[in-house]
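Asker:
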Amino acid sequence: MKRALVYAFCAWIGAFIVYSVVAPLIAPPGADLRAGGARASELALMTIVPLAFVGGLLHQKAIDKRER
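Taking my numbering, the leading residue of the sequence shown gets 997, the next gets one more, and so forth.
1) Here's a check: name, in chain order, each residue in its chain whose Cβ is nearer than 6 Å to the Cβ of leucine 1053, leaving out the five neighbours to either side.
2) Need the endpoints of the alpha helix (DSSP H) that valine 1014 sits in, please.
3) If you run the structure through DSSP and keep just helix, strand and coil, what is arginine 1064?
4) Whose C-beta lies closer than 6 Å to the C-beta of phenylalanine 1049 among residues of the same chain, with five residues either side of it excluded?
5) Would you decide whether alanine 1058 is buried or exposed? Buried here means 16 or more other CB atoms lie within 10 Å of its CB.
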């Protein structure tokens, strides 16, 4: 469980970097990031974090199974 939280936190940091750094770089000049550009980043944030959490849980479950 602890490892899953670490993975989710790392994914959140990655999504924040995408949201704050990469999205403005790839947006067309003069684009309002609050309107359309931010939606893609928010979608990435909403999908990456749960996927990382589930992946961390599955990984921890596999480790626990191996230790038995």
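The C-beta atom is built at its ideal place from N, Cα and C for all residues, glycine as well.
Answerer: The relevant details are as follows:
1) The beta carbon of leucine 1053 sits closer than 6 Å to those of Ala1000, all from its chain and outside the five residues before and after it, given in chain order.
2) Valine 1014 -> no alpha helix (DSSP H), and no H or E assigned at all.
3) Three-state result, arginine 1064: coil.
4) Cβ-Cβ distances below 6 Å link phenylalanine 1049 to Ala1000 and Ala1004 in the same chain, with the five nearest sequence neighbours on each side left out; the list follows chain order.
5) Alanine 1058 is exposed by the Cβ-count criterion.
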